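To start, the structure under review is shown below, and the notes come after it.
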Amino acid sequence: KQEVTQIPAALSVPEGENLVLNCSFTDSAIYNLQWFRQDPGKGLTSLLLIQSSQREQTSGRLNASLDKSSGRSTLYIAASQPGDSATYLCAAKYNNNDMRFGAGTRLTVKP
Amino acid sequence: DAGVTQSPTHLIKTRGQHVTLRCSPISGHKSVSWYQQVLGQGPQFIFQYYEKEERGRGNFPDRFSARQFPNYSSELNVNALLLGDSALYLCASSWDRYNEQFFGPGTRLTVL
């Protein structure tokens, strides 16, 4: 069964701290893995996409890594800001076109 | 460039009714996917369409159906609405079936 789990469910940090969000997937036969941000009641904003052949992707203060063999991905946020407060979701794409999401990590960055 | 657009923004229906949700993809994108997101959970995959053909289907009952038009816009239809169908319905588009997906703002459906 293709399941995606995100730990922790919620995280609160002071402004300026570096942090890591975790994503694990049970079926390692993924096509790609995508990280999203979701603000309350809104749609999803794509942050980073990692193809199955890649190990990491970077965009600004964000860095995402992928380890297919262990079924894990991490999202690293450097120098967190209050504007980073949101729910972060990871999603694994499979060859049958199914895209499995985790339940998300709700991040609060305190000024 | 306009992003993915969805209509309507909000919708209130009663049990047993049917509903049609609409999605317009980013210009040039040929794939549209639909997701259901219940409060506090991640989105669940419903359908993917590419070049007007169904390319993937999630674990949803036959009350859910969709189609894609020649201009690549898409409709999601839900018949015989149940209270449990209340959710945020998200549409995502991508250039093809496997590339980065871009999401619309969603349609909030409430079934009374």
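From first to last, the protein sequence lines are chains A and P. Mapping of the first sequence onto the working numbering: position 97 corresponds to residue 97, and the numbering continues sequentially without gaps. Each position in the second sequence, counted from 1, maps to that position plus 1000 in the working numbering. Glycine residues also receive a C-beta, built at the ideal position from the N, C-alpha and C atoms. Computed from a predicted structure; not experimentally measured.
Looking only at Leu1109(P), Thr1110(P), Trp1095(P) and Gln1037(P), the smallest Cα-Cα distance to Gly1028(P) is reached by Trp1095(P). Between Ser80(A) and Thr74(A), the CB-CB gap reaches or exceeds 8 Å. Counting along the chain, no beta strand (DSSP E) covers His1029(P), and no H or E run does either.
By the Cβ-count criterion, Gln1006(P) is buried, with 16 or more other Cβ atoms from all chains shown falling within 10 Å of its own Cβ. Among the CB atoms of chain A, one or more fall inside 8 Å of the CB of Gly1042(P). Note on Asn97(A): 16 or more other CB atoms within 10 angstroms of its CB, so buried under the neighbour-count rule. Going by C-alpha positions, Phe1069(P) is about 47 Å away from Gly16(A). For Gln54(A), no CB of chain P lies under 8 Å from its own CB, so it is not counted at the interface with that chain. Within a 10 Å sphere around the beta-carbon of Leu1083(P) sit fewer than 16 other beta-carbons, which makes this residue exposed. Contacts with chain A at 8 Å (Cβ-Cβ) include Ser1033(P). Note on geometry: alpha-carbon atoms of Ile30(A) and Gly71(A) lie some 9 Å from one another.
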